[in-house]
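J.: Residue numbers (this note's numbering): 5 to 116. From the three backbone atoms N, C-alpha and C, an ideal C-beta is built for every residue, glycine too. All of these numbers come straight from a predicted model, not from anything done at the bench.
1. In whole angstroms, give me the CA-to-CA distance for residue 18 and residue 47.
2. Report back the beta-carbon spacing between residue 24 and residue 73 to the nearest angstrom; my notes put them in contact at under 8 Å.
3. Specify whether the segment 87-106 and the segment 37-47 touch according to this definition: at least 3 beta carbon pairs, one from each stretch, less than 8 Å apart.
4. How would you call residue 56, buried or exposed, if buried means at least 16 neighbouring beta carbons within 10 angstroms?
5. Let's test the definition: count the other Cβ atoms within 10 Å of the Cβ of residue 91 and tell me whether it reaches 16, buried, or not, exposed.
6. Answer with buried or exposed for residue 112, where buried requires no fewer than 16 other C-beta atoms within 10 angstroms of its C-beta.
7. Is it right to say residue 68 is buried, meaning 16 or more other beta carbons lie within 10 angstroms of its own, or is it exposed?
8. Is it right to say residue 118 is buried, meaning 16 or more other beta carbons lie within 10 angstroms of its own, or is it exposed?
9. According to the neighbour-count rule (16 or more other Cβ atoms, all chains shown, within 10 Å of its Cβ), is residue 54 buried or exposed?
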C-alpha cells in the first residue's frame, strides 16, 4: 500500500514548527505587556536549555521539535524588544499599569 510506505515525520515536524511559532507570538505580546523587556533572560534560559537538550535526544523527531522550540525562544528575545517599539508606535496597546515605565523610556529615547 502506498500510505504504508510514506514517511510523515517531516510533515509532523512542519506542523509542530508552525504551532510553536504560533504559540510564541502571543507569548511575546503578553510578556511585553505585563513585564516589559526585563524578562528577556527567561527566553534565553529556555532557549539554551532546549539547545542542550536537543543534543541529547536520540529520537530525530523530538530532537527537531526541541530545536525549533529552542530557537523560537532565542528569537523571542529580539521580538520582545521589537514588541516594545511597536507599543511605542501605537501598534499595540500599552499596559496602563506600566505607564510610568513607558513615559520614562519614551523620554530617554526622545532625549537622544
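T.: Quick answer:
1. If I take the Cα positions, the gap works out to 22 Å.
2. Yes, residue 24 and residue 73 are in contact; Cβ-Cβ is about 6 Å, under 8 Å.
3. Yes, the segment 87-106 touches the segment 37-47.
4. Sixteen is the threshold: since fewer than 16 other Cβ atoms of the shown chains lie within 10 Å of the Cβ of residue 56, the residue is exposed.
5. With 16 or more other Cβ atoms within 10 Å, it is buried.
6. exposed
7. buried
8. The requested residue 118 is not part of the displayed model; the chain covers only 5 to 116.
9. buried
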